[in-house]
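Student: Residue numbers (the numbering used here): 213 to 508. Using N, Cα and C, we set each Cβ at its ideal position, and we do this for glycine too. No experiment lies behind these values; they were computed from the predicted model shown. Here you go, one structure.
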Amino acid sequence: MFEEGQYFAPVNTDADGTVVVELGETHPGFADPEYRERRNAIAGLAMEWEPGRPMPEISYTETEHGIWRLASAELAVKHRSLAAHEYLNGAERLELPADHIPQLSEVSEALEPLTGFSYLPAAGLVPLREFYGVLSDGKFHATQYIRHHSVPLYTPEPDVVHEVIGHANALASPRFAALYRAAGEAARRVHSEDALEFVSRVFWFTLEFGVIRESDGLKAYGAGILSSYGEIDEFRDMTILPLDLVTMGTIEYDITHYQDKLFEAASMDQLEDVVGEFWTSCDDDMIERLKAEATV
Ligand SMILES: [Fe+2]
């Protein structure tokens, strides 16, 4: 089962309307009341937001900007040698700020002229059909909190570093943006929950954790790898499998640990031919046939 609930801390609303982010005991910010208060406040702004209203603006503290500066600088060094060419092209076009955490509105303003994508605020987990569906409209749901200051290069959940450095740089590439949109169209087209899960698993193993063969070695293009200081250093040592829809859509995996099985695209063309084509044309029947192939 796709247990996305473990990836994001659950967000609940108390009887009196207070928004509470339920951090797990192992979360670096679990025992820090100030951080927890901050998380609740930021999640509350996303919960209050309604379409058509301006995006929530977060007054980030100097400590929070400092975490971004550090993570951003360290990741940029790794990206030079380990990020896919097409992702680096996107980063060059987008020119994210290195000195402060950008507001989602700021990222959207830079992204929209490039590929038409813009961001929507998320308090935490967004239901799969909603999260993927709006990709077809060029919308990307993102959280706005940043990781705990005690571990500036680590986060157990997708924070603004992941959402923006990981995803926005890819969304600034027309080729990746087209793949994100196609995933959204697939999510809107399929009806069954099983088919939707298959679509989301293929997304997981490509746009979140995909790797690609380039002339000077294996590179990462998945946002989950490219936003994780630890995972970038490890991905070349993982089990690398060929890009295969049936395996990606059905293999068991644990989203709470480093991904130990990764799928390698031979090229951007192959990624578009195999995965882009799948998302552009799949329906419930096709996915059922693919799942049946896995069990024979
Ligand atoms: Fe992500």
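Residues bridged to Tyr331 by DSSP?
Tutor: Paired residue(s): Phe352.
Student: With a threshold of 7 Å on Cβ separation, who are the neighbours of His361 within its own chain once the five nearest residues in sequence on each side are excluded?
Tutor: Result list for His361: Thr275 and Ile279, in chain order.
Student: Restricting to Cα atoms, I'd like to know which of Cys494, Gly236, Glu446 and Ala394 is closest to Pro368.
Tutor: Answer by Cα proximity: Gly236.
Student: Which residues in the same chain have their Cβ closer than 8 Å to the Cβ of Arg387, if we skip the five residues on either side of it in sequence?
Tutor: Result list for Arg387: Glu298, Met480 and Glu484, in chain order.
Student: Skipping 5 residues on each side, what residues in its chain have a beta carbon closer than 6 Å to that of Tyr357?
Tutor: Here the set comprises Arg251, Ile254 and Asp371.
Student: Go through the residues and name those whose CB comes closer than 7 Å to any heavy atom of ligand 1, in chain order.
Tutor: Checking every Cβ against the heavy atoms of ligand 1 under 7 Å gives Pro370, His374, Glu375, Gly378, His379, Glu420, Ala435 and Gly436.
Student: Here's the rule: buried if 16 or more other CB atoms are within 10 angstroms of the residue's CB, otherwise exposed. What is Pro314?
Tutor: That one is buried.
Student: For the segment 390-399 and the segment 290-308, state whether three or more C-beta atom pairs, one from each stretch, are separated by less than 8 Å.
Tutor: As far as the Cβ criterion goes, the segment 390-399 does not touch the segment 290-308, which means the pair count is below three.
Student: Is the distance from the Cβ of Ser284 to the Cβ of Ile377 below 8 Å?
Tutor: Cβ atoms of Ser284 and Ile377: closer than 8 Å.
Student: Less than 8 Å between the C-beta atoms of Gly461 and Arg501, yes or no?
Tutor: Contact flag unset, no.
Student: Could you check what DSSP says for Glu216 in three-state terms: helix, strand or coil?
Tutor: Reliability fails at Glu216, whose pLDDT of 41 lies under 50, so the model's placement of it is uncertain and the value that follows must be treated cautiously. Three-state result, Glu216: helix.
Student: Determine contact between the segment 468-478 and the segment 409-426, defined as no fewer than three beta-carbon pairs at a distance below 8 Å.
Tutor: The segment 468-478 vs the segment 409-426: in contact.
Student: Mind pulling the alpha helix (DSSP H) runs of 4 or more residues that sit fully within the segment 389-415?
Tutor: Here the runs fully enclosed are 405-415.
Student: Using CA coordinates, which residue listed in Leu332, Gly256, Ala296 and Thr273 is at the minimum distance from Arg265?
Tutor: Per the Cα distances, Leu332.
Student: In the DSSP assignment, the beta strand (DSSP E) including Ile452 goes from what residue to what residue?
Tutor: Counting along the chain, the beta strand (DSSP E) containing Ile452 begins and ends at Thr451 to Pro454.
Student: Nearest to Phe410 by CA position, among Asp244, Glu446 and Leu340, is which residue?
Tutor: Checking every option, the nearest Cα to that of Phe410 belongs to Leu340.
Student: From Glu324 to Gly488, what does the alpha carbon distance come to, in whole angstroms?
Tutor: Approximately 21 Å, taken between the alpha carbons.
Student: Rounded C-beta distance between Thr240 and Val363? I'm assuming under 8 Å.
Tutor: Residue identity check: residue 240 is Pro in the sequence provided, not Thr. With 8 Å as the limit, Pro240 and Val363 qualify as a contact, their Cβ atoms being about 5 Å apart.
Student: With Glu162 as the anchor, note down where its alpha helix (DSSP H) starts and where it stops.
Tutor: Nothing about residue 162 can be read from this structure; the chain reaches only from 213 to 508.
Student: For the alpha helix (DSSP H) containing Gly256, list its first residue and its last residue.
Tutor: First-last of the alpha helix (DSSP H) with Gly256: Pro245 to Glu260.
Student: Assuming His374 and Ala435 form a contact by the criterion Cβ under 8 Å, report the distance between their Cβ atoms to the nearest whole angstrom.
Tutor: With 8 Å as the limit, His374 and Ala435 qualify as a contact, their Cβ atoms being about 6 Å apart.
Student: Among all the DSSP beta bridges, which residues are the ones paired with Val373?
Tutor: In the DSSP output, where bridge partners are listed per residue, Val373 has none listed.
Student: Identify the continuous alpha helix (DSSP H) that holds Ile437 and give its terminal residues.
Tutor: Start and end: Ala435 to Leu438.
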